[in-house]
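Numbering (this note's numbering), first residue to last: -9 to 346.
The C-beta atom is built at its ideal place from N, Cα and C for all residues, glycine as well.
Quick caveat: nothing in here was measured; it's all calculated off a predicted structure.
Heads up, the thing below is written out as structure tokens.
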């Protein structure tokens, strides 16, 4: 599937822990599980001419090694310290070029990367906007491979039946966008993020909410799906500081650009019903540009209509209740700078794109 998508897979490795909170002890009983993990890497990565597990891969129709660069050693518990050490040492020795991700911090151990999971309500996600601004830069990268707003601000992070979301709401999706902006502003630390889970068959659902719901005849793309798609279409290489007299809340923002390009992005989220007019300037955006350069300025905005509540949702009954719309941006170029005027809708997340 990753090959079809052109995506980079993260291979999860079983490391001797079961969901009933039982672990294989730190004895020779763990050896066969470690060997099984190395065998799995051989199946995925080894030469099919010289390795028996890779030869099996070829017999099953995939003669070339898979393009796997990232390995996550699951799963966190009180025994994770010895399981991480033994599995990591064996797999790193066999395949030193791979990048390994832990599922928990381990006292006294310098980890290459840690996978952090976050499930809570909208207010908690607003508060995580600046989580990584002052996170220790000690060589450990952060992966956020499972996160989602799943309740209506319940005291219980996973929500009671009355507060647990069935499908993502616009409010929750905007909160996720705010958290994503915070991670994007710290891109040298946070490697990537993923909503979880992705897919749910409405006739057999084990978890709510999900990114995409479907039944035998219909598909509902959630408001969270649209948020992540908008981020994906605004991939950038560099984060920029923004000078303003305003404080974060109810507006949140992040500014980015693409290296060796003239594309600039401004992400703005509004968690209030009032619209907000604003004026901004991209300094030196036009420096070196041709005087006849065509300036493109366009906004893609996910917002409720004036008649919709902030917790509107896309479900199988109303799969297109909320969808992104495209709007023009008023611009005022001068010698070097590009000034623009915006009106940010209430309860919205928008990507404002400028291309010189």
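Short Cβ contact (9 Å threshold) for residue i with residue j
| i | j | result |
| --- | --- | --- |
| residue 161 | residue 244 | no |
| residue 80 | residue 91 | no |
| residue 336 | residue 246 | no |
| residue 137 | residue 148 | no |
| residue 75 | residue 3 | no |
| residue 248 | residue 290 | no |
| residue 96 | residue 71 | yes |
| residue 338 | residue 293 | yes |
| residue 60 | residue 88 | yes |
| residue -6 | residue 73 | no |
| residue 258 | residue 328 | no |
| residue 172 | residue 120 | yes |
| residue 55 | residue 34 | yes |
| residue 186 | residue 135 | yes |
| residue 153 | residue 144 | yes |
| residue 163 | residue 129 | no |
| residue 255 | residue 344 | yes |
| residue 26 | residue 67 | no |
| residue 58 | residue -1 | yes |
| residue 260 | residue 346 | no |
Residue i (DSSP reduced to helix, strand or coil)
| i | result |
| --- | --- |
| residue 303 | strand |
| residue 203 | strand |
| residue 96 | coil |
| residue 63 | strand |
| residue 336 | coil |
| residue 108 | strand |
| residue 282 | Confidence at residue 282 is low in this model, with a pLDDT of 49, below 50, so the placement of that residue should be treated as unreliable; the coordinate-derived value is given next. DSSP places residue 282 in coil when its eight states are reduced to three. |
| residue 249 | coil |
| residue 31 | helix |
| residue 218 | helix |
| residue 132 | strand |
| residue 295 | coil |
| residue 162 | helix |
| residue 26 | helix |
| residue 103 | strand |
| residue 238 | coil |
| residue 122 | helix |
| residue 116 | helix |
| residue 185 | strand |
Exposure label - residue i; buried when at least 16 CB within 10 Å
| i | result |
| --- | --- |
| residue 105 | buried |
| residue -9 | exposed |
| residue 250 | exposed |
| residue 287 | buried |
| residue 313 | exposed |
| residue 197 | exposed |
| residue 205 | exposed |
| residue 21 | exposed |
| residue 166 | buried |
| residue 15 | exposed |
| residue 318 | exposed |
| residue 50 | exposed |
| residue 111 | buried |
| residue 273 | exposed |
| residue 227 | exposed |
| residue 203 | buried |
DSSP beta-bridge partners of residue i
| i | result |
| --- | --- |
| residue 329 | 271 and 322 |
| residue 42 | BP columns for residue 42 are empty, so no partner. |
| residue 341 | 257 and 290 |
| residue 154 | 141 |
| residue 89 | 60 |
| residue 191 | 204 |
| residue 228 | 247 |
| residue 210 | 203 |
| residue 73 | Answer is none; residue 73 lacks a bridge partner. |
| residue 355 | Residue 355 is absent from the structure shown; the chain starts at -9 and stops at 346. |
| residue 316 | 290 |
| residue 2 | 62 |
| residue 346 | In the DSSP output, where bridge partners are listed per residue, residue 346 has none listed. |
Integer Cβ distance of residue i from residue j, believed to fall under 8 Å
| i | j | result |
| --- | --- | --- |
| residue 311 | residue 320 | Not a contact, Cβ separation roughly 29 Å. |
| residue 209 | residue 309 | 7 Å |
| residue 262 | residue 296 | Not a contact, Cβ separation roughly 14 Å. |
| residue 276 | residue 323 | 6 Å |
| residue 127 | residue 189 | With 8 Å as the limit, residue 127 and residue 189 do not qualify as a contact, their Cβ atoms being about 36 Å apart. |
| residue 192 | residue 306 | 6 Å |
| residue 159 | residue 195 | No, residue 159 and residue 195 are not in contact; Cβ-Cβ is about 17 Å, not under 8 Å. |
| residue 133 | residue 181 | 5 Å |
| residue 84 | residue 31 | 6 Å |
| residue 269 | residue 326 | Not confirmed; about 17 Å, so no contact. |
Proximity test, Cβ basis, 9 Å: residue i and chain D
| i | result |
| --- | --- |
| residue 198 | No chain D appears in this structure, which consists of one protein chain only. |
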